[in-house]
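A quick write-up on the structure given underneath.
Numbering (my numbering), first residue to last: 35 to 979.
Here it is, written out as structure tokens:
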């Protein structure tokens, strides 16, 4: 899998680029060993995991994380080389190597052995190639960690690189490229490199395809791959992280046992020194005609990498001021003028290795599309204001205080994400700061801030125009988009200078939602949802966390209506109301987010309006009251209506250009719902809707709602009751809780086939087959879960790895309102729909024989892995908070789904698995679904029958 970005973000930190020639050689092992083992890794007081580091004798640096509460253990190994280091004759080689590496070793020659082993033991494995690093990872039930590490580490000692799989993996890489080449984000990422310095590694094609990865005169592909592996895959430029339930001494022993034998070739860590943006690439106007319906403007300011100043956070300081949505700020003013829907910004200061950019991104309205010069001028004017008046210590002190509080309350990361983040970040950070770097604001340093601000100059900026009106005819190399590039003219600079005078911005005030006061921690009285309020117009439930008693909470309020599922018109109206509501509360949402308080809105279950608040609980009653009052007083103007309708129609138009398999999932979800409106029906309804309809719909919501409040976390009964009663006073209703509207589902009846065929605007085709039981059954759901633990890997390896039928090959158990279901899906760039279905059917029918030969121990192993995953302690408050939410929104107030599933899992036998396979997947009288999307490569081919 290829990752697009040089910065790979995890819960720990943003990672930067490293790169191409020359670095210090490895120090002598003994002093380093002693130093690392003496290091104390700074962690949050809220984190009960134990941390340690060591340097193996072969120069491999390792970080260990012990957490006895984990049921699964994880590992990640990062190599300090990536796509930036591809040789020019084999573009995509680092990515191809990533694919080839996991296809067997001398000790474990089976090509799919490791994937099969991890999946059979409740885990998974994956890898990705980034700009300057490559990462390999896996997760598995803790009891199997030792053997898994033996298998995993062997890929870095004696991989076989079986040439038999070369063409198969070339096809896999090609399919991955085919999957992305019509996606605008990939086209724009590629252009980021193609329009940069031609000598920069970023100017190369990085994914690879059948044309770039092949034998050429003077360059034999597999010889080049082995040469690349031998040159760079050395223990001294690798970093390892192990996260498990084992103790630190046990983890250390595992690291030494399995990884000390990886060869140390004493290679220098490659360093990218060629800048991506020289003076020649600055002052450019880049025009891109998007494949989807996009209306976006980017203003990029080239900046040098300053990752060494991570303790001072100059980039974060500037970003905080630039993206504020407070009254009078850049984003708020441009939205008020109807020029942008949203405005955002981010730093990618290592996008090219030694340099990158600050990007300000404006999602334009139709009016903004006609006035892009005004938007550009406004961005320049606001940057000037920050330079003149933004250097205020109080802003920095506020950020420092907020992040200090956040670190004190930081959640434990997901184990696999933590392993990957720790492996990657060891290249850039001192070991002792791996866990606290993103929270560290050491001191206000005006010099470092000014060093960045001095680079934010108009004449250096690169302006990106991304909309359907752009004149562009140069193909993006290896991709489906088109673009053009030119110098920005002197007249444009003069025009922007003149337009800047029209703007008078304010810098944001200090944040009144931040408090360093912690709410008292309540007793965790209710470990299952407890009804606090049930009366006309409102119901409220409260549940306390079993494991994470912290000052954190999660409120979800649904304004439940019973008329929203009648027709496509209501679906459109609900979306428009939510869009207008979200935009009008953006300032509050932004202010809360900066204080680590989450606020969001969405159309949720029963096509009803949802309001969500999370984070430190002290301000939650105030925020809920404010958000609900804003909804009641919603201002639906002509401008608001037209902007919301434009966003809605743009989103609907773009759905047909999403990845084909994602479109197929969307159709599957639609067809099992009792609101199965097609996109065409929804768009037709949208065409007839007026502002008056939206106003009337908003009034109808307010006329007689049922408020449903679900509170998880640090709240008392009295607090939840008070919030529910205040909400009901703001938005009263008469409906009883028993009248609540919930999602309704339908599955194909026995012997019936639900089918759907359509054409898509992308090259690939995809086919989904589904089978459903006749009645609700906990036992059959559990049996299908165990079945897929075995079936899924074999299906993937046969059709994807061995036969290269498609890049997306998957199966999963798919219960619908407790009715058991099972899905198989394939997306292919090389096989038509009848061919896909015929191969899926052949595999399905032949698999029964293999299932019957599976021993009881294999079934038991898969079952116990699933049980362990269910029983594993949640990694943080938020993962625990979601345990009962699905049952609440579906009105299933027994809240016993998890217990029923566990009980059913424990009963599963081999005979059960064979029986459900025969009675469902091989039964022509089962309820079935057949969904097909035909790509442009196959437009003359028939659909499958």
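From the three backbone atoms N, C-alpha and C, an ideal C-beta is built for every residue, glycine too.
Whole-angstrom C-beta distance between residue j and residue i, which should lie under 8 Å
i, j, result
"residue 383", "residue 443", "The Cβ separation is near 28 Å, so there is no contact."
"residue 126", "residue 306", "Actually they are not in contact, since the Cβ atoms of residue 126 and residue 306 sit about 18 Å apart, beyond 8 Å."
"residue 550", "residue 629", "Going by Cβ atoms, the distance from residue 550 to residue 629 rounds to 10 Å, so no, they are not a contact pair."
"residue 728", "residue 607", "6 Å"
"residue 694", "residue 278", "38 Å between Cβ atoms; not a contact."
"residue 457", "residue 110", "4 Å"
"residue 750", "residue 850", "37 Å between Cβ atoms; not a contact."
"residue 389", "residue 310", "6 Å"
"residue 649", "residue 784", "With 8 Å as the limit, residue 649 and residue 784 do not qualify as a contact, their Cβ atoms being about 48 Å apart."
"residue 286", "residue 88", "6 Å"
Outcome for residue i when other beta-carbon atoms lying within 10 angstroms are tallied against a minimum of 16
i, result
"residue 96", "buried"
"residue 92", "buried"
"residue 334", "buried"
"residue 258", "buried"
"residue 788", "buried"
"residue 714", "exposed"
"residue 23", "Residue 23 falls outside the range modelled here, since the chain spans only 35 to 979, and no answer is possible."
"residue 613", "buried"
"residue 525", "exposed"
"residue 979", "exposed"
"residue 497", "buried"
"residue 445", "buried"
"residue 175", "buried"
Delimiting residues of the alpha helix (DSSP H) encompassing residue i
i, result
"residue 253", "No alpha helix (DSSP H) contains residue 253, which DSSP labels as neither H nor E."
"residue 283", "282 to 293"
"residue 147", "147 to 154"
"residue 180", "179 to 188"
"residue 436", "427 to 442"
Cβ shell of residue i (< 6 Å), same chain only, five flanking positions each side left out
i, result
"residue 187", "292, 293"
"residue 590", "646, 744"
"residue 490", "335, 417"
"residue 512", "239"
"residue 938", "812, 813, 816"
Chain B within 8 Å of residue i, Cβ atoms only
i, result
"residue 626", "The question asks about chain B, but that chain is absent: this structure has only one protein chain."
Sub-8 Å separation of residue i and residue j beta-carbons
i, j, result
"residue 574", "residue 770", "no"
"residue 802", "residue 698", "yes"
"residue 447", "residue 391", "no"
"residue 329", "residue 514", "no"
"residue 712", "residue 661", "no"
"residue 173", "residue 256", "no"
"residue 141", "residue 192", "yes"
"residue 586", "residue 777", "no"
"residue 145", "residue 199", "yes"
"residue 438", "residue 473", "yes"
"residue 905", "residue 517", "no"
"residue 357", "residue 373", "no"
"residue 806", "residue 853", "yes"
"residue 280", "residue 100", "yes"
"residue 844", "residue 859", "yes"
"residue 233", "residue 308", "yes"
"residue 779", "residue 882", "no"
Residues near residue i in its chain [Cβ-Cβ closer than 7 Å; skip 5 each side]
i, result
"residue 762", "571, 572, 741"
"residue 424", "355, 541"
"residue 967", "694, 697, 698, 792, 794, 799, 800"
"residue 558", "578, 579, 580, 583"
"residue 959", "784, 785"
Neighbourhood of residue i by C-beta distance below 8 Å, restricted to the same chain and skipping five residues each side
i, result
"residue 38", "Only weak support is given to the placement of residue 38: the predicted model assigns it a pLDDT of 42, under 50, and the value that follows is read from those uncertain coordinates. Excluding sequence neighbours, residue 38 sits near 219, 220, 223."
"residue 154", "823, 824, 827, 892, 895, 896, 899"
"residue 976", "866, 867, 868"
"residue 971", "797, 798, 799, 863"
Residue i CB to nearest heavy atom of the ligand HEM below 7 Å
i, result
"residue 954", "The ligand HEM is not part of this structure, which contains no ligands at all."
Residue interval of the beta strand (DSSP E) (run including residue i)
i, result
"residue 169", "168 to 175"
"residue 163", "158 to 163"
"residue 962", "961 to 968"
"residue 363", "No beta strand (DSSP E) contains residue 363, which DSSP labels as neither H nor E."
"residue 594", "587 to 594"
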